[in-house]
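Please read the structure below before turning to the comments.
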Amino acid sequence: MTDSQGAAGGITTAAAEWPAVEELFGVRGEPSRCWCRFFALPGASFAATTPADRKAQLKDKFDGGGPAPGVLAYRGGSAVGWCAVEPRRCYPRILRSQVFKAAGPAAADDGGGSMWSVSCFVVAPGHRRSGVAAALLAAAVDHARANGATVVDGYPVDPAQRPKAGPSDLYQGTLGLFLAAGFEVVSDAVPGRAVVRLRVG
143 MTDSQGAAGG ITTAAAEWPA VEELFGVRGE PSRCWCRFFA LPGASFAATT PADRKAQLKD
203 KFDGGGPAPG VLAYRGGSAV GWCAVEPRRC YPRILRSQVF KAAGPAAADD GGGSMWSVSC
263 FVVAPGHRRS GVAAALLAAA VDHARANGAT VVDGYPVDPA QRPKAGPSDL YQGTLGLFLA
323 AGFEVVSDAV PGRAVVRLRV G
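With the numbering used here applied, the sequence shown corresponds to residues 143 to 343, in that order.
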């Protein structure tokens with residue numbers, strides 16, 4: 143584990159490493175099917191790939207020599223959470239999404255090519271609602287800043303407007319999570335969804 147930092151509840155965070163991501167995502171459930179490639183593969187490209195293809199594509203991100211494509215949270219020495227964060231250009235589906243398009247000029251890339259996006263959270267069962275997501279978001283912001291980001295965006299759900307949203311709907315985080323971390327709403331043009339932003343440089 144590298145670049146660890148202490149956090150409440152015995153949580154530490156670090157730039158993600160592939161073996162821990164592979165173990166966390168496991169072989170069952172949505173993470174093991176998506177491998178955090180949904181926003182990286184627009185439209186038919188996602189449907190045309192298998193879970194094995196997506197897993198290989200995520201692993202390639204770790205093998206490519208660039209910054210890790212996310213951060214991990216650890217508790218008791220085991221990875222219990224993941225947050226995907228990369229330059230926004232790495233997520234073409236976000237750029238084509240209704241939430242992003244509805245934001246219009248408010249979501250324009252004013253980061254000079256250094257705008258990053260937080261796209262996804264995975265928290266292991268048994269560790270939810272215990273501070274893991276907050277620790278992951280703080281680590282994601284630090285990771286983006288350390289790798290040249292000046293702006294970090296998120297695209298959370300507002301449970302107050304979408305009270306029926308379950309865990310499977312909240313993988314992009316909740317509005318309250320981002321607001322507590324200092325993000326500001328730049329668009330709420332789509333009811334129950336927001337574009338939020340934090341300037342970090």
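Ideal placement from N, C-alpha and C gives every residue a C-beta, glycine not left out.
Looking only at C-alpha atoms, which of the options sits nearest to residue i?
i      : options                        : result
Arg304 : Arg335, Lys197, Ile236, Cys232 : Arg335
Pro209 : Pro298, Trp258, Arg339         : Trp258
Gly212 : Ala221, Glu159, Ala331         : Glu159
Thr292 : Val265, Leu340, Ser239         : Leu340
CA-CA distance, residue i and residue j?
i      : j      : result
Val294 : Gly151 : 26 Å
Gly328 : Pro173 : Reading off the sequence, residue 328 comes out as Val, not Gly. Going by the C-alpha atoms only, they are around 29 Å apart.
Leu166 : Val227 : 17 Å
Ser272 : Arg217 : 11 Å
Val260 : Asn289 : 14 Å
Ala286 : Pro229 : 8 Å
Trp224 : Ala249 : 25 Å
Ala307 : Leu317 : 13 Å
Going by DSSP, which residues form a beta bridge with residue i?
i      : result
Arg335 : Val299
Cys262 : Ala226
Got a sec? Which residues, its chain only, sit under 6 Å from residue i by beta carbon, not counting five neighbours each side?
i      : result
Ser146 : Confidence at Ser146 is low in this model, with a pLDDT of 42, below 50, so its placement is unreliable and the value that follows should be read with caution. So the list reads Thr154, Ala156, once near-sequence residues are dropped.
Cys262 : Cys178, Ala226, Tyr313
Measure from the C-beta of residue i to each C-beta in chain C and report whether the shortest distance is under 8 Å.
i      : result
Arg335 : Protein chain content of the structure displayed is limited to a single chain, and chain C is not contained in it.
My guess is that residue i and residue j are in contact by the Cβ rule of under 8 Å, so how many angstroms apart are they, rounded?
i      : j      : result
Val283 : Leu214 : With 8 Å as the limit, Val283 and Leu214 do not qualify as a contact, their Cβ atoms being about 15 Å apart.
Gly315 : Ala281 : In fact, because the Cβ distance is near 13 Å, the residues do not count as touching under 8 Å.
Pro184 : Pro234 : 5 Å
Val169 : Val241 : No, Val169 and Val241 are not in contact; Cβ-Cβ is about 31 Å, not under 8 Å.
Leu279 : Ala323 : 5 Å
Between residue i and the rest of its own chain, which residues show a CB-CB distance below 7 Å, the 5 nearest in sequence each way excluded?
i      : result
Phe325 : Gly296, Val338, Arg339, Leu340
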